[in-house]
Amino acid sequence: MPKKPTQPKKAEEKEKPVVTGQEVPVKKGKGPPELLRGFRDVLPEEQGRWAMARDKVRALAEAYSFDRIELPILERADLFQRTLGKQTDVIEKEMYAFEDPSGDLVAMRPEATASVARAYVNHGMLNLPQPVKLWYEGPMFRHDRPQAGRFRQFNQFGFESLGVPDPIVDAQLILIASRIFQELGVDVTIQINSIGTPESRQSYLAELTSYFRPHRNKLSEDDKRRLQKNPLRLLDSKDPALAELLGGAPQIVDWLDEDSKQHFMKVLEYLDEVGVTYQLNPHLVRGLDYYTRTVFEIWEAGDEGERSQNALGGGGRYDGLVELIGGRPTPACGFAIGMERIVKAMADRNVNPEPRQKPLIFFAQLGDAARRVGLRLFEEFRAAGIPVAEAFGKNALKTQLDVANKLDVSYALLLGQKEVLDGTIIVRDMESGAQEIVDSAKIVSIMQRKLSAPEGVSRPSQDVVQ
Ligand code: HAM
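In my numbering, the protein residues as written are -13 to 452.
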């Protein structure tokens, strides 16, 4: 007799995925679901380098007295629209912005500097001793064209210092960025430029526009638009056909106001003082509009001929940003580094993490009672800080010992029905094959002694009970 369905039909219908009130069509077809383009899993085998990079960043953040801040992934879309610049690639084409179920226009953050500035204003950090030094780490989202080193979800860590205009802040941030790479074994060059203040930039922009205008027909459609709306971004054009034209373009450093010039000179002097080498790069303008004065990028050594699309990190001063989102005028400077890019650079240079502490003991069990005792013993070893491997899911002793051999442990502990009844456990030396039966209540201290005995010294025998 056919069974009645256990679930009422209505409940089944309810389980369909629903996003912002609309039904999502379920794709039919064979095979497992695919990852979205530009998204990736960071697999266990990659975690070592990720952890190494994260540990280094965390240690340096502490050493330079930056406090950690965690910011939401979802923000109001206008936070980014107001701050990053309407004509930037990020705002024009790359933002994951949508209406949420409450009807708010929200965006998955494409970067975190705007959120830091928002948090600074929201939490009245202006009243704290300045500078307020914050660091963060987490995923960012840009619907960019995926390619090597460029993803739609990527991870950044960033350092931001708010409240102090002095060029020493810029220099120390650049120093920290270069230390991170130095300590991770990745050679980099610091590319640096100054783009002055929005006011002093106006005459330069006029000059730049009149330089490019006679060559308008050589420009791509994208660059033609930039010429009209945001000519500074032409300097950062990715079009190889523009390289020669760019070479002859007027340089922004020649148009800086006196204060910006002095500020820039000071940054460079401080960098010289601490031995951070840099390359002056008159074409460096960065892809976001909030920058003032110092801008810099960190490029992998050897990439100097390339344009900045492969930068490992970038940043600069953003003295107008806090005011732009409704706070009091607050000078600030910071940088962010892409985790995927840093980890790739480490892999390319064969920078490897320390291997994890490998278990020296394997626990093998035979029968249900032994398995139960094993579960408890495992906890005792863990509490004593001794890593033990096990294969609780396997039954045959031979299969378990094969695992022990593969793991190359020094000892196997064997526990069967008889040993459970006797309160004993068999310790097998995997190299010599010698076995002894010991009191299972003392097994942790016995193994502690065995593991700490210098190699080649005969094992103590007073533990043997039979
Ligand atoms: P950004 O230059 O847009 O600056 O990004 C910084 C770094 O994030 C890049 O140098 C790169 O390593 C990484 N990155 C950016 N986009 C991608 C992507 N699609 N795939 C992989 N990695 C990527 C900012 O985001 C500013 N908030 C930096 C800053 C902080 N300025 C001042 N403070």
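Note that CB positions come from ideal geometry on N, CA and C, so glycine has one too. Here the structure is a predicted model, which means the values were calculated and not measured.
| Query | Result |
| --- | --- |
| Taking the C-alpha atoms as reference points, what is the distance between Ala98 and Gly301? | 12 Å |
| Between the alpha carbons of Glu365 and Ile372, how many angstroms are there, rounded? | 10 Å |
| Take Gln343 as the anchor and find which of Glu326, Lys330, Arg335 and Arg368 has the nearest alpha-carbon. | Arg368 |
| What does a CB cutoff of less than 6 Å around Ser206 pick up in its chain, not counting 5 residues either side in sequence? | Asp225 |
| For the 8 Å Cβ check, are there 3 or more pairs between the segment 334 to 349 and the segment 384 to 397? | yes |
| State yes or no: is the C-beta of Glu97 nearer than 7 Å to some heavy atom of the ligand HAM? | yes |
| Are the segment 92 to 107 and the segment 131 to 148 touching, with three or more C-beta to C-beta distances below 8 Å? | yes |
| Quick one: using the 10 Å Cβ neighbour count with 16 as the cut-off for buried, is Gln403 buried or exposed? | exposed |
| Answer with buried or exposed for Ser431, where buried requires no fewer than 16 other C-beta atoms within 10 angstroms of its C-beta. | exposed |
| Looking at the ligand HAM, does it come within less than 7 Å of Glu309, judged from the CB to the closest heavy atom? | no |
| Can you tell me the Cα-Cα spacing of Trp36 and Lys42, whole angstroms? | 10 Å |
| Classify Ile77: buried if its beta carbon has 16 or more other beta carbons within 10 angstroms, exposed otherwise. | buried |
| Pull the bridge partners of Gly299 from the DSSP assignment, please. | Ile284 and Ile323 |
| Just reading off the beta strand (DSSP E) that Thr410 is part of, what are its end residues? | Thr410 to Asp415 |
| Please report the distance separating the alpha-carbon of Gly7 from that of His249. | Residue confidence is low: Gly7 scores 48 on pLDDT, short of 50, so the model does not pin down where it sits. No coordinate-derived value is stated. |
| Once you ignore the five residues that flank Ser246 on each side, which residues in its own chain have a CB closer than 7 Å to its CB? | Ser180, Gly182, Thr183, Ser186 and Arg279 |
| Helix, strand or coil for Asn203, going by three-state DSSP, please let me know. | helix |
| For my contact list, Trp537 and Tyr190 are in at a C-beta cut-off of 8 Å; report their separation, rounded to the angstrom. | A question about residue 537 goes unanswered here, because the residues of the chain that appear run from -13 up to 452. |
| Consider the Cβ of Leu298: report whether some Cβ of chain C lies at a distance smaller than 8 Å. | Included in the structure is just one protein chain, with no chain C present. |
| Determine the direct distance from the alpha carbon of Phe52 to that of Ser426, and round the result to whole angstroms. | 50 Å |
| From this set, Val413, Asp275 and Arg314, which residue's C-alpha is nearest Gln73's C-alpha? | Asp275 |
| Which residue or residues does DSSP assign as beta-bridge partners of Lys252? | None, per the DSSP bridge assignment. |
| Can you find a heavy atom of the ligand HAM that lies under 7 Å from the Cβ of Arg128? | yes |
| By the DSSP assignment, the beta strand (DSSP E) with Gly144 in it spans what residues? | Gln139 to Leu148 |
| Return the Cβ separation of Leu231 and His201 in integer angstroms, given the expectation that the two are a contact with Cβ distance under 8 Å. | 6 Å |
| For Pro58, tell me which candidate among Phe127, Arg26, Gln421 and Met38 has the shortest Cα-Cα distance. | Phe127 |
| Given this structure, state the Cα-to-Cα distance separating Glu169 from Glu326, to the nearest angstrom. | 17 Å |
| Below 7 Å, is the gap between the Cβ of Leu57 and the nearest heavy atom of the ligand HAM? | no |
| Let's see if you can read the secondary structure: which residues bound the beta strand (DSSP E) around Glu365? | Looking at the DSSP string, Glu365 is not in any beta strand (DSSP E); the run it does join, the alpha helix (DSSP H), is Asp354 to Ala369. |
| Which residue marks the beginning of the beta strand (DSSP E) containing Thr183, and which one marks its end? | Thr183 -> no beta strand (DSSP E), and no H or E assigned at all. |
| Skipping 5 residues on each side, what residues in its chain have a beta carbon closer than 8 Å to that of Val107? | Val308, Ile311, Gly312 and Gly313 |
| Whose C-alpha, out of Tyr50, Pro339, Cys319 and Val406, is nearest the C-alpha of Ile162? | Tyr50 |
| In this structure, does DSSP put Arg35 in helix, strand or coil? | helix |
| Is any heavy atom of the ligand HAM found at a distance shorter than 7 Å from the C-beta of Ala47? | no |
| Drop a sphere of 10 angstroms on the beta-carbon of Asn267, count the other beta-carbons inside from all chains shown, and report buried for 16 or more, exposed for fewer. | buried |
| Over the uninterrupted alpha helix (DSSP H) stretch that includes Phe66, give me the two end residues. | Ala63 to Leu70 |
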